[in-house]
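The structure appears below as structure tokens.
Residue numbers (my numbering): 119 to 286.
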């Protein structure tokens, strides 16, 4: 945390990786608080999703700057739109694959039917990437995401399906 605050938040790509590591630490802290082990695939999914959201936010911030607004953070100068787009596409493939691995891992979960929720997850990831790439009058892709009917339909459908499959 100190390294991030003092230096790493100004270094492109490392800033988001530090934030992702922070989310993983939160998962470990939460699991320790309730005395539950953290599966390998939960760790992988946490890191991938946090990085995807972080890099999506950086892509949105680049669009914001391209629209003539002021630079929001020093690390932004080290990012390139094309690289972020490609990176987000890689994450859009890796996240569903990691979730598939989680659903099929006999140690992690006994609800293998969650595999059927992957298309809804993939749709939500695709939509989030699209929302991040479009310039507009939004300070955060989260604002845009929470008002986008297609994202809400995909993410809400995924969450509903997961809850129904786990607690039926």
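Ideal Cβ positions, reconstructed from N, Cα and C, are used throughout, including at glycine.
Bear in mind the structure is a predicted one, so any value in this text is a computation, not a measurement.
Query: Pair within 8 Å by beta-carbon distance, residue 133 and residue 193; Result: yes
Query: Close beta carbons around residue 210, own chain, < 8 Å, minus the five adjacent residues each side; Result: 170, 240, 243, 244 and 247
Query: Beta-carbon contacts of residue 199 that lie in its chain and below 6 Å, excluding the five residues immediately before and after; Result: 180
Query: Exposure of residue 159, with buried meaning 16 or more beta-carbon neighbours within 10 Å; Result: buried
Query: Contact under 8 Å by Cβ, residue 173 with residue 202; Result: yes
Query: Proximal residues to residue 237 (C-beta, below 7 Å), its chain only, five neighbours per side dropped; Result: none
Query: Pairwise C-alpha distance: residue 260 and residue 273; Result: 13 Å
Query: Alpha helix (DSSP H) segment containing residue 280, residue limits; Result: 267-285
Query: Buried or exposed (CB count within 10 angstroms, at least 16 for buried), residue 138; Result: buried
Query: Cβ-Cβ distance between residue 154 and residue 146 below 8 Å; Result: no
Query: Simplified DSSP state of residue 178, which is helix, strand or coil; Result: helix
Query: Spatial distance of residue 178 from residue 205 (CA atoms); Result: 14 Å
Query: Nearest to residue 276 (by Cα), restricted to the options 183, 262, 150 and 231; Result: 231
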